[in-house]
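In our numbering, the protein residues as written are 7 to 504.
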């Protein structure tokens, strides 16, 4: 019975295989170089195979050859045999299986994506740090439960976002280490009887080490789960910043203006500036979570060793990687172009009794009464509206102090003004700039402390950039060596023809 097209399509993996094209050619070349060096295939056989592999053009192959086959790996070998004959082309697959070949290709492709993503995360960290450095004196309201809480600075808040991305970088770096391990040579799962050199292919392909156990090598996809988990963490952090941008750009907040290239209009409402890019980042966080849950579900309870179920994991990895990288790129551009409405931000620090915590702290420092007692007194002030208004700093400190004394008499039987609290201290407690300046403990919003953090984070960012670059250069050095080996072994054809 002839198989219908939709049934053939069911088993194909062509979409994700396009993502693996470059990696597959590298794996083929490294494997053939190793086979020749171990004497498993002859010089002329290796030369013919490598010559063909060097002529394959990605676009032409994917458009004209790939659709006829179930997967990329079969397609390359089949076309190779068609072009140079089975006597030579049929030897490329000696000592390996599609199982270890595919696992190696996925690791190479993901390794490259992780390096690129780490680079872009660092670009975004730098954009956040630079935006913070330009706004160390910009006072803003800080929120808990999306309600006015305490005063802080724009720099303090954006350094919080930068620090979250710093941890994302560390997670990606760990994922890279667990990804950059070579399964090639494991064959189907029980390795091979041919005297292959796994260390040679590991080195030529730029891997850090061999994934030794041949059964584990072909059946593990934990590195995919780990990577998408890292992407999910990163997308969570991006979604929080995206939500902040969306809220802060509304007419109700009106704190920022999103760059024109990151907003869209309406088909009917001429005035609209919709933050569509930020909204899509917020939504795509959910898509990446879905990819993670899909891969977890695919890998759950699979018997050792290889199962075709694992084919279904790769498209989810591809999508999660693509969405995460694009989201970082977009967010970096958005952050760089954000315009702050500093007058609006400053005005909001005067609303909502945002200095209440500092007033309670001041009472404790001045009078040595328990904090909980001071908290109750200031809480009553807040309920009565004392210290609230369009400009809290203009609140009459003498009026506030008299009311504090009245509440203290009811609470502890004495006036706080008689045991250390003064009008000057109350006035200073209500002053927003003073509030921020006093919070100079490690990690606080005081200018001196924020400037220290900015300089420290710049140093850490440079260190992380060098760490990533070392890994990238190590891979490049190995692949350059592979290219030289391929070129050297292809020369055999010319020598033989002479």
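Backbone N, C-alpha and C define an ideal beta-carbon position, used for all residues, glycine too.
Just so we're clear, the structure is a prediction, and the values are computed from it rather than from any experiment.
Pairing CB atoms from the stretch 278 to 290 with CB atoms from the stretch 235 to 249, are three or more of them under 8 Å?
yes
Select from 35, 346, 26 and 28 the residue whose C-alpha is nearest the C-alpha of residue 487.
35
Per DSSP, the bridge partner or partners of residue 346:
262
Would residue 478 and residue 121 qualify as a contact pair, given that the criterion is a beta-carbon distance under 8 Å?
yes
Beta-carbon proximity check, residue 294 vs residue 130, cutoff 8 Å
no
Chain-order list of residues whose beta-carbon lies under 6 Å from that of residue 97 (same chain, five-residue window excluded)
47 and 51
In three-state DSSP terms, what is residue 312?
coil
Alpha carbon of residue 95 to alpha carbon of residue 55, nearest angstrom:
6 Å
Member of 118, 277, 87 and 408 whose CA lies at the smallest distance from the CA of residue 183:
118
DSSP-derived helix/strand/coil call for residue 82
helix
Alpha carbon to alpha carbon, how far is residue 474 from residue 250?
30 Å
Rounded separation between residue 430 and residue 369 - CA only:
12 Å
With a Cβ-Cβ cutoff of 8 Å, do residue 106 and residue 190 count as a contact?
yes
Mind checking whether residue 413 and residue 373 have CB atoms under 8 Å apart?
no
Using only the alpha-carbon positions, how far apart do residue 324 and residue 275 sit?
37 Å
Give a yes or no on whether the C-beta atoms belonging to residue 239 and residue 177 are separated by under 8 Å.
yes
For residue 360 and chain C, any beta-carbon pair shorter than 8 Å?
As a matter of chain content, chain C is missing from the structure shown, which is built from one protein chain.
Proximal residues to residue 84 (C-beta, below 7 Å), its chain only, five neighbours per side dropped
75
Alpha carbon of residue 330 to alpha carbon of residue 450, nearest angstrom
31 Å
If you drop the 5 nearest sequence neighbours on each side, which residues of the same chain put their C-beta closer than 6 Å to that of residue 248?
284, 287 and 288
Helix, strand or coil for residue 368 per DSSP?
helix
Tell me which residue opens and which closes the beta strand (DSSP E) that residue 149 is part of.
145 to 150
Residues near residue 492 by beta carbon distance below 6 Å, same chain, minus five either side:
35 and 56
Inter-stretch contact at 8 Å, needing at least 3 Cβ pairs: the stretch 125 to 142 / the stretch 434 to 446:
no
Looking only at its chain, what residues have a beta carbon closer than 6 Å to the beta carbon of residue 403, apart from the 5 residues adjacent to it on each side?
429, 432 and 433
Please report how far the alpha carbon of residue 305 lies from the alpha carbon of residue 165, in whole angstroms.
38 Å
Can we say the stretch 254 to 273 touches the stretch 201 to 214, given the rule of at least three CB pairs closer than 8 Å?
no
For residue 171, which residues in the same chain have their Cβ closer than 8 Å to its Cβ, ignoring the five residues on either side in sequence?
127, 130, 131, 134, 240 and 243
What number of angstroms, rounded off, separates the C-alpha of residue 68 from the C-alpha of residue 456?
52 Å
What is the residue span of the beta strand (DSSP E) that residue 158 lies within?
153 to 159
Whole-number beta carbon distance between residue 234 and residue 298, since they are thought to touch under 8 Å:
4 Å
Quickly, what does DSSP pair residue 188 with across the bridge? List them, please.
216
For the candidate residues 159, 207, 22 and 169, whose alpha-carbon lies nearest to that of residue 102?
207
Among 145, 125, 59 and 71, nearest to residue 349 - alpha-carbon criterion
145
By Cβ distance below 6 Å, which residues in the same chain neighbour residue 345 in space, the five residues on each side in sequence not counted?
263
Once you ignore the five residues that flank residue 72 on each side, which residues in its own chain have a CB closer than 8 Å to its CB?
20, 23, 24, 78 and 81
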